[in-house]
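A.B. asks: Please read through the structure below; I'll follow up with questions.
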Amino acid sequence: MIGRILGFIVALLILIAACAIFYIGPRNVIGILTYGRQARDGNLQVGDQTPPVTLVALDGATRHPLEEWVGTRPLVLVFGSFT
Amino acid sequence: MDEIRKKFATRAEFLTIYIKEAHPEDEWQMTSNEDQGVCYTQPLTLEDRVIIARDFVERFDYAIPLVIDPMENPAEDAFAAWPERLYVIGVDGRIAYKGEKGPFGFDPDELEAWLETYLQARAGIESTTLIR
């Protein structure tokens, strides 16, 4: 009897999971699962030297070392994307 | 963020670094993005990333200077910046403030409060130096 109940619960959970995947979309499920792993705390700490990175201007061609913006006044960096 | 930039415009520089997409439609598309017509696949070329960055600037009339992380994602990698994050770099070139990782740790209010304290302390040091 207990086995039947457990089997029913497992089958119900599988059905719910399948419905959720269907509703969200399989591609989005993969995205959700990988999302948390992509966001990192990182090793950079307060007091560390700023990493020497080179960035691209909106013209898509001109390159600018980040250090171009460093030194005159404190520099606030806002990282992000459209989506 | 632009309100914060305006508030501190005479005392701090602001720079946006555009990194790889957080919610492209080929990874984890957000319903809110769909509702607003923000539907892009993850760029595979720099040209594609530049196009999306330009769309972003135009759509929001975005006033903070913006540069783009190259396709190798050096800035995102060095700063662990994905999906969004805030930093402040001091005039000595060292990290002065490191915000928590986004999206939940992305906290402009905390940055604003931190900047207020930091810039006031900095102004105090500068005025003391001038008096001497």
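Line by line, the protein sequences are chains A and B.
If you count the first sequence from 1, position 72 lands on 213 in this note's numbering, and the numbers rise without skipping.
If you count the second sequence from 1, position 35 lands on 25 in this note's numbering, and the numbers rise without skipping.
Every residue gets a Cβ at the ideal spot worked out from N, C-alpha and C, and that includes glycine.
1. Would you verify that the beta carbon of Gly221(A) is, or is not, closer than 8 Å to some beta carbon of chain B?
2. Using 8 Å as the limit for Cβ to Cβ distance, is Gly144(A) near chain B?
3. Please report the residue range of the alpha helix (DSSP H) in which Leu36(B) lies.
4. Using only alpha-carbon positions, find the residue among Arg112(B), Val57(B) and Trp18(B) that is nearest to Val81(B).
5. Can at least three beta-carbon pairs, one atom from the segment 5 to 25 of chain B and one from the segment 207 to 222 of chain A, be found at a separation below 8 Å?
6. Name the two residues that bound the continuous beta strand (DSSP E) containing Thr6(B).
7. May I have the straight-line CA-CA distance separating Val151(A) from Ala161(A), to the nearest angstrom?
8. With DSSP collapsed to three states, give me the class of Ala53(B).
9. Quick check: the segment 64 to 77 of chain B against the segment 194 to 213 of chain A, are there 3 or more CB pairs under 8 Å?
10. Within the 8 Å Cβ cut-off, does Leu218(A) reach chain B?
11. Hey, could you find the ends of the beta strand (DSSP E) Pro206(A) is sitting in?
12. Over the uninterrupted beta strand (DSSP E) stretch that includes Ala68(B), give me the two end residues.
13. Determine, using beta carbons only, whether Leu76(B) comes closer than 8 Å to chain A.
14. What is the DSSP secondary structure of Ala161(A), reduced to helix, strand or coil?
15. Are Lys(-4)(B) and Trp72(B) closer than 8 Å when you measure CB to CB?
16. Closer than 7 Å by C-beta to Phe(-2)(B): which residues in its own chain qualify, once you throw out the five before and the five after it? Chain order, please.
17. Using 10 angstroms around the beta-carbon of Gln19(B), count the other beta-carbons present and answer buried if the total reaches 16, otherwise exposed.
18. Please state the DSSP three-state secondary structure of Lys(-3)(B).
19. Would you mind reading off the limits of the alpha helix (DSSP H) that contains Thr21(B)?
20. May I ask you to report which of helix, strand or coil DSSP gives Thr175(A)?
C.D. replies: Looking at the atomic coordinates:
1. In terms of beta-carbon proximity, Gly221(A) lines the interface with chain B, with at least one pair separated by less than 8 Å.
2. Using a Cβ-Cβ cut-off of 8 Å, Gly144(A) does not count as an interface residue toward chain B, since no Cβ of chain B sits closer than that to its own.
3. Where Leu36(B) is concerned, the enclosing alpha helix (DSSP H) stretches over Leu36 to Phe50.
4. The residue among Arg112(B), Val57(B) and Trp18(B) with its C-alpha nearest the C-alpha of Val81(B) is Arg112(B).
5. Counting C-beta pairs closer than 8 Å gives three or more between the segment 5 to 25 of chain B and the segment 207 to 222 of chain A, which meets the contact rule.
6. Unbroken beta strand (DSSP E) run through Thr6(B): Glu3 to Tyr8.
7. Inter-residue distance for Val151(A) and Ala161(A) is about 15 Å (C-alpha atoms, whole angstroms).
8. Assignment of Ala53(B) by DSSP, reduced to helix, strand and coil, places it in the coil class.
9. Verdict: yes, contact present.
10. Leu218(A) counts as touching chain B.
11. Pro206(A) -> beta strand (DSSP E) spans Arg204 to Pro206.
12. DSSP places Ala68(B) in no beta strand (DSSP E) but in the uninterrupted alpha helix (DSSP H) bounded by Pro64 to Phe69.
13. It does: the Cβ of Leu76(B) has a partner Cβ on chain A nearer than 8 Å.
14. Judged by DSSP in its simplified three-state form, Ala161(A) adopts helix.
15. Contact annotation: Lys(-4)(B) and Trp72(B) have beta-carbon atoms that are not nearer than 8 Å.
16. Cβ contact annotation for Phe(-2)(B) (same chain, cutoff 7 Å, sequence separation greater than five): Leu105 and Leu109, in chain order.
17. Buried, because 16 or more other Cβ atoms sit within 10 Å of the Cβ of Gln19(B).
18. Per DSSP, reduced to three states, the secondary structure at Lys(-3)(B) is helical.
19. In the DSSP assignment, Thr21(B) falls within the alpha helix (DSSP H) that extends over Thr21 to Asp25.
20. Of the three classes helix, strand and coil, the one that applies to Thr175(A) here is helix, per DSSP.
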